[in-house]
Each structure stands twice: as C-alpha cells, then as structure tokens.
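Top line first, the protein sequences correspond to chains A and B.
Residues in the first sequence are numbered consecutively from 284, following the numbering used here.
Residues in the second sequence are numbered consecutively from 323, following the numbering used here.
We treat Cβ as the ideally placed atom computed from N, Cα and C, and that holds for glycine.
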Amino acid sequence: MARYAMALDYKNCIDCKACEVACKEENGILLGADKQRIWVGHGEIKGEYPFLDITSNTFMPSQCQQCETAPCESVCPTHATYYDENGVVRVDSEKCILCSYCMVACPYDARYVDDRTHIVDKCNFCSDTRLVRGETTTACQATCPTKVRIFGDLDDPESEISQVLRVREYFTLKPHLGTNPKLFYLT
Amino acid sequence: MSIKEFIATIPYNRISLRDLFAFEKSPVNILIALMTLSFLVMFALGVAIYLEHGHHAYGVSRQHPWGLLIAVYIFFVVSSTGLCIVGSLGDVFGFKDYMAVSKRAIFGSIVTIISGFAVIAFEIGHPVTMVIYNVLSPGLTSAIWWMGTLYGIYLTFMVVEFVFLLRNDMRMARYVGFFGLMFGLLAHSNLGGVFGFLNARPIANGVFYPTYFILTAFITGIFITFIILGFRYKLNFTEEIKKLLTGLAKIQALLISILIFFVSWKMLTDIYDGLPGRADVALHILGSWTFWIEVVLVMIVPMVVILRNMGENLKAIFWISLSGMIGIFFMRYNLVHDAQLKPLQMLKIKEYQLAPEWIHYFPSAAEIMISLGGLGLCILLYFIGSKLFNLDADAHH
Numbered sequence: 284m285a286r287y288a289m290a291l292d293y294k295n296c297i298d299c300k301a302c303e304v305a306c307k308e309e310n311g312i313l314l315g316a317d318k319q320r321i322w323v324g325h326g327e328i329k330g331e332y333p334f335l336d337i338t339s340n341t342f343m344p345s346q347c348q349q350c351e352t353a354p355c356e357s358v359c360p361t362h363a364t365y366y367d368e369n370g371v372v373r374v375d376s377e378k379c380i381l382c383s384y385c386m387v388a389c390p391y392d393a394r395y396v397d398d399r400t401h402i403v404d405k406c407n408f409c410s411d412t413r414l415v416r417g418e419t420t421t422a423c424q425a426t427c428p429t430k431v432r433i434f435g436d437l438d439d440p441e442s443e444i445s446q447v448l449r450v451r452e453y454f455t456l457k458p459h460l461g462t463n464p465k466l467f468y469l470t
Numbered sequence: 323m324s325i326k327e328f329i330a331t332i333p334y335n336r337i338s339l340r341d342l343f344a345f346e347k348s349p350v351n352i353l354i355a356l357m358t359l360s361f362l363v364m365f366a367l368g369v370a371i372y373l374e375h376g377h378h379a380y381g382v383s384r385q386h387p388w389g390l391l392i393a394v395y396i397f398f399v400v401s402s403t404g405l406c407i408v409g410s411l412g413d414v415f416g417f418k419d420y421m422a423v424s425k426r427a428i429f430g431s432i433v434t435i436i437s438g439f440a441v442i443a444f445e446i447g448h449p450v451t452m453v454i455y456n457v458l459s460p461g462l463t464s465a466i467w468w469m470g471t472l473y474g475i476y477l478t479f480m481v482v483e484f485v486f487l488l489r490n491d492m493r494m495a496r497y498v499g500f501f502g503l504m505f506g507l508l509a510h511s512n513l514g515g516v517f518g519f520l521n522a523r524p525i526a527n528g529v530f531y532p533t534y535f536i537l538t539a540f541i542t543g544i545f546i547t548f549i550i551l552g553f554r555y556k557l558n559f560t561e562e563i564k565k566l567l568t569g570l571a572k573i574q575a576l577l578i579s580i581l582i583f584f585v586s587w588k589m590l591t592d593i594y595d596g597l598p599g600r601a602d603v604a605l606h607i608l609g610s611w612t613f614w615i616e617v618v619l620v621m622i623v624p625m626v627v628i629l630r631n632m633g634e635n636l637k638a639i640f641w642i643s644l645s646g647m648i649g650i651f652f653m654r655y656n657l658v659h660d661a662q663l664k665p666l667q668m669l670k671i672k673e674y675q676l677a678p679e680w681i682h683y684f685p686s687a688a689e690i691m692i693s694l695g696g697l698g699l700c701i702l703l704y705f706i707g708s709k710l711f712n713l714d715a716d717a718h719h
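The structure is reproduced here in structure tokens:
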C-alpha cells in the first residue's frame with residue numbers, strides 16, 4: 284500500500300523525448316503521437332524578433348495527472364477505470380466498453396484508444412510492468428538524463444518526493460477543477 | 323391470464339411481404355421507398371466498414387472522441403422522448419384533444435429509440451461487454467450508466483403501454499404510460515447530464531443541458547407529430563386532427579419562445595466578461611454556420627409561420643416541421659461538436675506542429691452511412707408498424 288505520485292522539475296527538461304521513448308518501449312505502446320501515454324509539450328515563442336520572449340518556450344512534460352478525484356473514474360459506466368491499492372488510476376481492460384466518456388471528461392487529454400487492446404488506455408506509473416516486478420521507478424523517470432522526474436510514495440515521509448515537496452514550491456495543473464492531481468510541477 | 327394468453331389478445335393485422343409493397347405508387351411514396359432502401363444498404367455498408375476497421379473508419383480522434391454517431395443517437399432518443407411526451411398528453415394526462423395521436427406517437431417513440439440503439443451499437447466499442455458489466459459492475463456515478471439503464475427501463479414501459487393501447491385498455495395504459503414518461507424524462511435529463519457533468523468543458527458544464535434536453539425533446543416530438551400525421555392524412559386533415567394539430571402548434575410556439583429565451587441567455591452568460599474556455603468557445607460557435615442553421619430552422623422560421631395564423635396554417639407547419647427536424651439534427655451535432663471544440667492540452671507536442679487552436683472534425687463516409695441507415699431503419703420500422711397495427715385512434719375517442 285502506497286500513495287504514488289510524481290514531482291517534475293520541469294525547468295530542467297531539455298525536450299530530448301527520451302521519456303516518451305522509454306514509456307513506449309517499457310509498456311509496449313504503439314508508435315505515433317496520438318498513442319502516447321506521456322509527452323513533452325512546449326509553447327510557441329512569443330514576441331517578434333529581436334524582442335523574443337524566451338521564457339514562453341518552456342518545455343512541459345505531461346501525462347495522466349493521477350488525480351485523487353479523477354473525472355475519468357467517476358464517469359466510467361462500468362468501473363473499468365479504478366483506483367488501485369497504491370492510489371494509481373488504472374484501467375481494467377475486461378470492463379472497458381470503449382464508450383470514450385473518459386476521454387471527453389479528462390481535463391488533461393491523458394487518455395487515448397490503444398489499438399492493441401481496443402480499450403481507452405492511460406499512464407499507470409508502469410504499474411503492470413516495472414512496479415509489478417518490484418521496481419520502484421517508472422521508465423520515464425529512470426531514463427531522464429536531467430533528472431526531471433521524482434517518483435515515490437507520498438505516505439512515506441522519508442521518500443525523496445515527500446522531502447522535495449516539503450522544501451520546494453510547486454503547482455498542479457488546472458487545480459480549480461478539484462481533481463487533486465498527484466503530479467507536482469516544481470518551481 | 324398467462325403471459326402467453328395475454329400476448330394472444332394483442333390485436334394485429336396478419337401481413338405478408340407482399341402487403342408491405344402494396345402501397346400507393348405515387349412519386350412521393352416511391353421516392354421515400356427508394357430512399358429508405360438505399361439508406362438501409364448504406365447502413366449495411368457502413369457497418370461492414372466499421373467491422374473491418376473499427377473506430378479508424380470514423381473521423382473521430384483523441385481530441386474529438388465523440389462524433390456524428392453520438393449526435394445521431396441523441397437525435398433519435400430526443401425524438402423518442404418527445405414523442406413519448408406528445409403521446410402522454412392524451413393517454414396519461416387525459417387531454418382528450420390529443421388522444422387521437424397517442425398510439426401513433428407511442429409507437430413512434432419505440433421505433434425512434436430502437437433506431438438510436440442501432441446506431442450507438444456501432445459507436446460503443448464493446449456493446450456486449452457493456453450489457454454484461456452494466457449489470458455486474460454498475461458505475462453509479464456515471465451519467466452514461468444512468469442514461470442507458472433508464473432508457474432500457476423506459477423502452478420496456480413504452481412497449482407495454484403500446485400493448486395496452488392496442489388492447490384499448492386505457493386505464494392500464496395510463497398507469498404504465500405515466501411510469502414510461504417518468505423514466506423517459508429521467509433518462510433524457512441524464513443524457514443532458516452526460517454533458518452537464520463535464521467539469522473539464524466549461525461550455526457544456528452546468529445545469530443547462532439536462533433541462534434544455536427536455537424542452538427540445540418536446541419541440542422535436544411536436545415536429546415529428548406534424549410529419550407523421552401529415553403523411554397519414556396526406557395533408558387533408560379531419561376536423562379532429564385539425565383541432566389536435568392547431569393545439570400542438572400553439573404549444574410549439576410557446577416552447578420555441580422559451581427555447582429562444584434559454585439559448586439567448588446561455589450565449590450571453592457564456593460570453594459575458596470573457597471567461598477563458600467558455601467565452602471564446604461561445605464566440606466561435608456564434609461564428610459557425612451550423613449554429614445559424616439551428617437558429618433559423620428550429621427557432622425563427624417555425625415561430626414566424628406558427629404565429630402568422632396562430633397555428634391554423636397546418637400545411638405550412640407540416641413543411642416547417644420537416645425543415646425543423648433538419649435544424650434539430652444540427653442542434654444535436656452542434657451540441658456534441660461544440661463540447662469538444664476547445665483543446666484540453668494547449669501546448670505543441672510534435673515538431674512542426676502549429677499550436678493547438680480549435681479541434682476540427684468532419685464525419686467519415688462510414689459514419690454518414692450508418693447515420694442515414696438509422697433513419698432508414700426508423701422509417702422501415704414505422705412503416706411495418708403502420709401495416710401491422712392499427713395506429714389510428716379507435717372510433718369512440
């Protein structure tokens with residue numbers, strides 16, 4: 284029993300996309316940007332040359348926010364989307380009817396149709412690949428060359444993520460929606 | 323009386339395949355027959371393409387997962403609820419003027435919802451899994467679960483009510499019809515809730531859709547009543563039907579004026595003070611031609627035509643009911659598309675990609691064929707029903 288979460292030191296991201304590749308490799312995700320569980324977004328550079336605003340070009344790694352009050356879970360008509368014992372929002376492929384309501388309801392565009400299993404899939408913190416083998420890291424975290432990602436148990440006060448969140452300021456995405464995301468962006 | 327004996331008492335006409343082709347061979351009838359036939363062929367083709375390619379046969383995407391088939395499903399179930407409301411005016415609420423259309427409207431509500439189910443079966447990826455896990459693992463916080471379950475119960479009540487109407491058992495028809503209407507309204511407002519519960523989509527979120535769906539269902543029901551009675555009487559209405567339709571036309575004028583009020587205030591509150599994700603989407607909607615089709619065909623034209631003679635010009639209202647249903651289709655299409663217009667992820671995720679602005683969607687050929695097939699199925703079932711059962715009111719009404 285744990286309460287897994289991730290902190291992202293997103294200003295260290297160099298947009299190498301190694302995390303996207305590692306995720307696809309580890310979890311057997313099909314190729315293509317429409318099929319990705321995680322991605323790195325970046326904004327257009329604002330302003331006109333030579334007065335360019337380079338801060339607008341931030342790289343923003345993102346994925347399922349592992350909400351504690353997940354809209355995709357509450358709208359699912361068959362409980363195919365559920366919270367596992369570690370607080371990870373996961374999908375039971377047996378129960379998914381592919382109604383796509385979770386795709387419409389997720390505020391983070393984190394869900395997509397997996398053409399291998401024909402269900403609406405999402406990031407599950409490598410639960411059925413790495414965590415089930417007893418590892419304590421996710422593929423995206425392990426591969427990141429600039430150590431953007433810190434994955435761990437919020438219920439363990441000694442975990443790296445708990446320690447970081449005690450001393451660093453952070454924000455979450457779309458907090459006004461009340462979804463209580465467990466992805467924390469460090470500032 | 324056993325169920326078998328009860329079923330044996332249901333009056334129906336024995337018909338053969340030949341009877342189905344024994345309609346008057348007027349140009350209009352032949353045109354409708356050919357259209358229906360071609361729609362059914364398209365349905366088979368569309369389904370075949372879907373079975374071959376799955377959702378890749380549709381124009382839907384990760385950012386726009388709901389497309390034309392969801393809109394057409396809503397179109398049919400709104401029609402069903404509307405016909406149920408119109409049918410209930412007579413046999414549930416006891417308005418004698420509207421008794422004459424009860425049986426026909428209730429039968430219409432059954433065929434429209436069956437057509438809706440036929441369409442949605444090819445949008446839901448795993449319909450058999452849905453039937454199993456809707457029961458074994460019910461998601462009680464899901465508006466889709468409630469909507470589907472309540473529509474299932476509603477359909478059962480509608481069928482039983484129709485049987486009692488056929489047997490001329492008005493007392494039982496009233497009881498069953500009351501519950502049918504109640505479940506229909508609950509199911510339909512839950513369908514509005516499917517959109518209303520979307521916190522992520524400010525343009526849809528809130529109380530508007532669950533209430534608006536009931537209002538527009540009633541409007542749709544009256545449009546369809548004009549159409550089916552127009553065809554039944556070839557626009558030469560009896561005095562009883564004239565009285566019925568004039569009454570419905572006046573109700574329609576009232577409902578449309580409420581609709582104009584609803585939509586105007588929805589737009590004003592959406593745009594006021596420029597709330598991001600809502601005001602920009604509302605302005606985008608105002609700039610789309612599909613929205614104005616909805617406004618012209620469902621609101622302005624019917625309002626003007628009905629008010630010109632206070633609902634007496636029934637032939638004109640028949641024609642604007644036909645165009646009104648086209649407007650109602652766009653209303654459903656707009657509802658589904660507009661809810662998904664705004665990207666939820668506003669950053670670029672691919673090289674050489676333009677920053678996301680609005681989500682584009684256009685239905686694929688397979689989606690269009692299955693949708694038209696739903697209409698073909700609806701017309702066919704209604705035609706068979708009109709041969710198989712006596713849908714006119716009995717003489718003593």
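Pull up the distance between the alpha-carbon of residue i and that of residue j, whole angstroms please.
i                    : j                    : result
aspartate 317(A)     : tyrosine 395(A)      : 7 Å
phenylalanine 559(B) : phenylalanine 545(B) : 16 Å
leucine 657(B)       : alanine 393(B)       : 8 Å
arginine 336(B)      : arginine 493(B)      : 27 Å
tyrosine 453(A)      : arginine 286(A)      : 18 Å
histidine 386(B)     : aspartate 341(B)     : 45 Å
tyrosine 372(B)      : phenylalanine 439(B) : 16 Å
serine 442(A)        : methionine 289(A)    : 11 Å
leucine 669(B)       : asparagine 456(B)    : 37 Å
histidine 719(B)     : isoleucine 432(B)    : Confidence in histidine 719(B) is poor, its pLDDT being 44 and thus under 50, which makes the residue's placement unreliable; the coordinate value appears in the next sentence. Approximately 22 Å, taken between the alpha carbons.
glycine 324(A)       : serine 645(B)        : 45 Å
phenylalanine 479(B) : tyrosine 365(A)      : 34 Å
glutamine 319(A)     : isoleucine 622(B)    : 46 Å
isoleucine 337(A)    : tyrosine 674(B)      : 18 Å
arginine 489(B)      : phenylalanine 415(B) : 19 Å
valine 363(B)        : glutamate 445(B)     : 18 Å
leucine 577(B)       : tyrosine 534(B)      : 11 Å
leucine 458(B)       : valine 447(A)        : 43 Å
valine 399(B)        : threonine 471(B)     : 13 Å
Considering residue i, what are the terminal residues of the alpha helix (DSSP H) in which it resides?
i                 : result
glycine 552(B)    : 530-554
glutamine 346(A)  : Looking at the DSSP string, glutamine 346(A) is not in any alpha helix (DSSP H); the run it does join, the beta strand (DSSP E), is 342-346.
tryptophan 468(B) : 465-488
methionine 621(B) : Here methionine 621(B) belongs to no alpha helix (DSSP H), and DSSP marks it neither H nor E.
tyrosine 372(B)   : 349-375
histidine 459(A)  : Note, histidine 459(A): premise wrong, no alpha helix (DSSP H); not H, not E.
methionine 452(B) : 449-458
tyrosine 704(B)   : 687-710
methionine 421(B) : 421-442
Since I believe residue j is in contact with residue i (beta carbons under 8 Å), could you give me their beta-carbon distance rounded to a whole number of angstroms?
i                    : j                 : result
cysteine 427(A)      : cysteine 302(A)   : 6 Å
glycine 506(B)       : tyrosine 531(B)   : The Cβ separation is near 16 Å, so there is no contact.
methionine 452(B)    : isoleucine 380(A) : 4 Å
phenylalanine 652(B) : threonine 591(B)  : In fact, because the Cβ distance is near 22 Å, the residues do not count as touching under 8 Å.
phenylalanine 684(B) : glycine 381(B)    : 5 Å
Under 9 Å between the Cβ atoms of residue i and residue j?
i                    : j                : result
tyrosine 420(B)      : leucine 636(B)   : no
isoleucine 428(B)    : leucine 487(B)   : yes
phenylalanine 711(B) : threonine 358(B) : no
alanine 728(B)       : alanine 422(B)   : Look at the range of chain B in this structure, 323 to 719, and you will see that residue 728(B) is not part of it.
Excluding sequence positions up to five away, which residues of its chain have a Cβ less than 6 Å from the Cβ of residue i?
i                 : result
leucine 460(A)    : Pro390
alanine 465(B)    : Asn512, Gly515, Val516 and Phe519
lysine 405(A)     : Cys347, Ala393 and Arg394
glycine 376(B)    : none
tryptophan 388(B) : Val658
Near residue i, which residues of its chain fall below 7 Å by C-beta distance, leaving aside the five closest residues on each side in sequence?
i                : result
threonine 283(A) : The structure shown does not extend to residue 283(A), since chain A is modelled only from 284 to 470, so the question has no answer here.
valine 431(A)    : Leu291, Asp292, Tyr293, Asn295, Cys296 and Pro344
threonine 470(A) : Glu452, Tyr453 and Phe454
lysine 347(B)    : none
glutamate 356(A) : Thr364, Tyr365, Tyr366 and Val372
arginine 523(B)  : Ala661
For residue i, report the span of its beta strand (DSSP E) as first-last.
i                 : result
cysteine 435(A)   : Checking the sequence shown, residue 435(A) turns out to be glycine, not cysteine. Counting along the chain, the beta strand (DSSP E) containing glycine 435(A) begins and ends at 432-436.
aspartate 404(A)  : 402-404
valine 396(A)     : 395-397
tyrosine 366(A)   : 364-366
isoleucine 321(A) : 321-325
arginine 600(B)   : From DSSP, arginine 600(B) is part of no beta strand (DSSP E); its letter is neither H nor E.
Spatial neighbours of residue i within its chain, please: C-beta separation below 8 Å, excluding the five flanking residues on both sides.
i              : result
leucine 503(B) : Cys406, Ile407, Ser410 and Val414
Is there at least one Cβ from chain D nearer than 9 Å to residue i's Cβ?
i                : result
histidine 682(B) : Any reference to chain D falls outside this structure, whose protein chains are A and B.
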